[in-house]
Structures are given as C-alpha cells and as structure tokens.
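Q: Numbering-wise (the numbering used here), the sequence shown opens with residue 1050 and increments by one.
All C-beta atoms in this analysis are idealised placements derived from N, C-alpha and C, irrespective of residue type, glycine included.
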Amino acid sequence: MAEKKMAKMAVLKGPDHLDIESFPLPEVKEDGMLIKIEATSICGSDAHSIRSTPAQPSPLGHEFTGKIVEMGERANETIYSFSGPLKVGDRIAVYPWITCGTCPECMRHGNGVCMVCENAFMYGGQETFGNSKYTADAYEAPHFKGGFAEYVYIFPGTYVWKLPEDMPSEIASLLDPLAVCARAIEMAQTEPGVLGESLNTNTNAVVIGEGAIGIMTAMLLKIMGCRNVILTGHKDEKLKKAQEISRCDYVINSNKMEKEERFRYIREITDGGPDLVIQCANNTRASIEGLELVRKLGTYVEVGVPFGFGETFEVELPQLIFSKNVKINSLASNSQRVFDKAFHLLERYQEFPFEKLLTHKFYSLEELMPTMQKMRDVDYIKGVMILK
Ligand SMILES: [Zn+2]
Ligand SMILES: [Zn+2]
C-alpha cells in the first residue's frame, strides 16, 4: 500500500504555544471535499485565541480560501454552494460555521445562524459545541479543520462560494471580516420614515476604531451613500491609510484631540451630533464615548468580539439612553445570507481597494506566529498567509 501523503497544519496548544505539525491527508468521504489552502487571513479574534488555553490541541484560522483537490461523489448535494455545482480545480471561499439545523435555536432562526446553535462547529475554532458532529480536536481525523494549514477538509453542511477566475484568493479571504461589517450596517438600518431614520443619504456617521473592521465599516457606509463618515483612532499612520481605503470624509486621532474639543469638532461637522455611531474598537471606554456622542433619536451599534467578559462600565441611563431615545444594537450572530452580500462586494475588488488592507503578507505556516506578533504595529491592518 502506498504511504499516505502528509501535510502541515498549525496546532494551538496553549498561550503562545502554536506548533506546526504534520498529519496524513484524510480520505475524502462521498459527502466531503478537500481543498488546498491558497490564502488565510489573521482575524483579530485569532490574537485572543492564541493567548488562551484550548480544551484540546486545536486548529486555527477561519478566514480561508482554497482550491478543490478532491471531491466526494455526493459533495455537490451535501455542500451548499452559492455559485452552482462545483468541480475539482475550483477555488472556494467558505462560511466558517456548520450548524445542526435541528436544535431549538436552529429551528427558530434557521440553519446557518452562528453563535446560537447549540451543536455548532467552527472551522479554525477551539471549542466543540454540544453534540456537534465535528470536534475542535486537531488530533482527531480528518485533522485539517482550520485555515492555518496546507489543506482543509470541507464537511457536509458547509456553505461555500466559487471565486471568479480573476479574483485573487487573498481578497476572498476577507469574506468573514467584511461580513461582520455588512452585518453592522444591517443592524444600523431602520424602517424608512421612522423618527430618527439611521441610514440614508443625509446620514452623518462616526466609526470608532481604525482596524480592518472599522475601516471596512466606514467603507460600506460610504458605499451606502452616507453624507459624512468620520473615523476615529489613535495612530496617524493607520488613520491616513484608513481614509485612503475607506474613502471616509474625516479621520480624527483621539490621542491628539482632547475629548471636549473632539466632541465639539464632530458636532460641528455633523450639525449637532452623528445620527449613527458604530463602535469597532472593542473597548468599553469607546462604547461610553459613542453613546455620549450619538445625537437624540440616533442609532448606536456595538460590534463586539466575544472576549473580555466581566468587563463593566457605568452609564447614567436617563441622560445617555432614555432622554436621547437612542436605538442601541449589537451583533454577535451572523449568517450565510450576510456573507453572500459580502462576497458580492468583494467581487467588486477592482472598484474598492480591499487589497490595501492586506498589509502583512506571508508565505508559510512558520511565519504565522512572527506575523501575529506584529499585530500591534502602526502599519499593521491585516495579515494574510498566501500559499502557492
Ligand atoms: Zn474573523
Ligand atoms: Zn443548531
């Protein structure tokens, strides 16, 4: 019998403990497929993950794109493609969650909605939820369950998109973060005509945070036709780049302008205060500021990440929320429907400079940890591993 081909994968074992290990390539079942990784982006949440201790050695990376190298006979029935039937050689982008479809939450919200399903599986995740058919155990076959690897095994029940010929794989690896921004925009929307309508051509918006999520959210607000989009952050170099990419109207360095002066300046630009504030900085102080800043009948959206539990802050409810009649929204769940919106935006990569978000390209698994150590650098927006 021929010896099984081996391939490499990053295995997360504990805080800052990531090993590159080899596993035999799995046998492709009739309902699955195997892709060879072409590009995987580093998510802000990956930085939190590598500081934690997973319950078992785990895969890492959920923002990935790859080329189909092997397909089970029934894969076109069991893997849900938004782009029609798939074949070996096609490149695909992947929705990173597989939900069970039958738990009470799936029955209520529909199959595919993440962060609610009791038995969900996440590619590149460290946790096995409920009775998920697939575990977050890197040592359990088919091993290749995360994007920081040379291959990924695609399970039945996965939603995927086929990349157009001309679309670079690294652009497609931005699908997941762009879908977060697309969801933030959905959470900002109100029915037309209500008091304090939040998103129209007259909207003045503030986006807090100069990371990839903040930048792409500002970009989407401009695409949606907002009148003024102001992005706030802390580093001049990043803000300059953020404005270039997002085409927002103003950037403000909060370190260089005292709060009082900053508020006065923003209120001047926005005729009294922003209609919409989207908080993408994952920082409780920024949340309070956002609530203070938003105008009466305005909308506030908190784009959180599921870390920092236990952090609290005090707000004066009557002044900050009640008397302002502010609409407060947040997001954690997402769905393949929103990813589909994001995918079609990425297809317009020649119109919008997504490419410029990819500031740190690297070309091997071994460079993953060194790149992650640069995530706080002033020139860092997004790291992406490109394998050829
Ligand atoms: Zn992500
Ligand atoms: Zn479920």
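1) Taking only three categories from DSSP, how would you classify Gln-1368?
2) May I ask you to report which of helix, strand or coil DSSP gives Asp-1186?
3) Pull up the CB-CB distance for Ala-1059 and Leu-1067, whole angstroms please, since I reckon it's below 8 Å.
4) Excluding five sequence neighbours on each side, which residues of the same chain lie with their C-beta closer than 7 Å to the C-beta of Cys-1329?
5) State yes or no: is the C-beta of Thr-1151 nearer than 7 Å to some heavy atom of ligand 2?
6) In whole angstroms, what separates the C-alpha of Thr-1184 from that of Leu-1280?
7) Hey, Val-1350 and Ser-1379: beta-carbon distance below 8 Å or not?
8) For the beta strand (DSSP E) containing Val-1300, name the first residue and the last one.
9) Cβ of Val-1201 within 8 Å of Cβ of Gly-1115?
10) Taking the C-alpha atoms as reference points, what is the distance between Lys-1078 and Lys-1284?
11) Is DSSP giving Phe-1388 helix, strand or coil here?
12) Is it buried or exposed, Thr-1102, if we count other Cβ atoms within 10 angstroms and call 16 or more buried?
13) By how many angstroms is the C-alpha of Cys-1166 removed from the C-alpha of Glu-1341?
14) Going by DSSP, name the residue or residues bridged to Asn-1378.
15) Taking the alpha-carbon of Ile-1199 as reference, which of Leu-1244, Glu-1365, Glu-1415, Ser-1303 has the nearest alpha-carbon?
16) Looking only at C-alpha atoms, which of Phe-1388, Lys-1410, Lys-1062, Pro-1217 sits nearest to Ser-1107?
17) Are at least three pairs of beta-carbons, each pair with one atom in the region 1214–1232 and one in the region 1375–1394, less than 8 Å apart?
A: Reading it off the structure:
1) helix
2) coil
3) 6 Å
4) Val-1256, Ile-1257, Gly-1258, Gly-1260, Ile-1262, Gly-1263, Thr-1266, Val-1352
5) yes
6) 40 Å
7) yes
8) 1299–1302
9) yes
10) 49 Å
11) helix
12) exposed
13) 34 Å
14) Val-1350
15) Just to set this straight, residue 1199 is Glu in the shown sequence, not Ile. Selected option, being the one with the closest Cα: Glu-1415.
16) Lys-1062
17) yes
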